[in-house]
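Asker: Numbering (my numbering), first residue to last: 31 to 208.
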């Protein structure tokens, strides 16, 4: 968990706003008892999460694929090959949706804009260090055209059928200073 107090506050505001403008149908499923807070999400979303990434073709047709996602600083980060269809879609149409679902244990649904992070981006090195620590090598060594992407969400909801079971064995968050 790398979120600062300010990032957790910002994430909670995003979650509250998204839930507040959600449909009655969603609120009937993601009841108050099942709606995850920012702190609960940051405790639960550690390590690699296989994400479903939805993009759109030039003809407006939806496409979905899976990516290795990492929740860092309250944002989803993932890599892919720049030659992949999803990368071409996102470069032209950066709006995307991501979901992480593990049965009834947890579901996180996000909509936003994907940004491509280059080595000169101020957040790149921390992301690179995290990925190297996780995988044992840099994603840039896996292919010649690996790109780093981050979803800047404008809507996000987190769900757990049984929040007490989800958070039972998780440590309390250790937030970083602002």
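Think of the CB as a built atom: it goes at the ideal place given N, C-alpha and C, for glycine as much as any other residue.
(1) Do residue 81 and residue 129 come within 8 Å of each other at the CB atom, strictly closer than that value?
(2) Compare the beta carbon distance of residue 67 and residue 179 with 8 Å and say whether it is the shorter of the two.
(3) Per DSSP, what kind of secondary structure is residue 146 in: helix, strand or coil?
(4) What number of angstroms, rounded off, separates the C-alpha of residue 41 from the C-alpha of residue 122?
(5) Counting pairs of beta carbons, one from the stretch 86-94 and one from the stretch 133-140, are three or more of them closer than 8 Å?
(6) Quick check: residue 176 and residue 183, are their CB atoms within less than 8 Å of each other?
(7) Buried or exposed for residue 212, going by 16 or more other Cβ atoms inside 10 Å?
(8) Restricting to Cα atoms, I'd like to know which of 124, 188 and 195 is closest to residue 44.
(9) Can you give me the C-alpha to C-alpha distance between residue 71 and residue 163, rounded to a whole angstrom?
(10) Could you name each continuous beta strand (DSSP E) segment of 3 residues or more that falls completely within the stretch 135-187, going from the start of the chain to the end?
(11) Using a Cβ-Cβ cutoff of less than 8 Å, which residues in the same chain neighbour residue 93 once the five nearest sequence positions on both sides are dropped?
(12) Can you look up residue 100 in the DSSP assignment and give me helix, strand or coil?
(13) Could you check the C-alpha separation between residue 145 and residue 125 for me, to the nearest Å?
(14) According to DSSP, is residue 132 helix, strand or coil?
(15) Quick one: what does DSSP say residue 114 is sitting in, helix, strand or coil?
Answerer: For this structure:
(1) yes
(2) no
(3) strand
(4) For residue 41 and residue 122, the distance between alpha carbons rounds to 27 Å.
(5) Because the criterion of three Cβ pairs below 8 Å is not met, the stretch 86-94 and the stretch 133-140 do not touch.
(6) no
(7) The first residue shown for the chain is 31 and the last is 208, placing residue 212 beyond what the model contains.
(8) Checking every option, the nearest Cα to that of residue 44 belongs to 188.
(9) 21 Å
(10) 136-147
(11) 84, 85, 86, 87, 115, 116 and 119
(12) strand
(13) 9 Å
(14) strand
(15) coil
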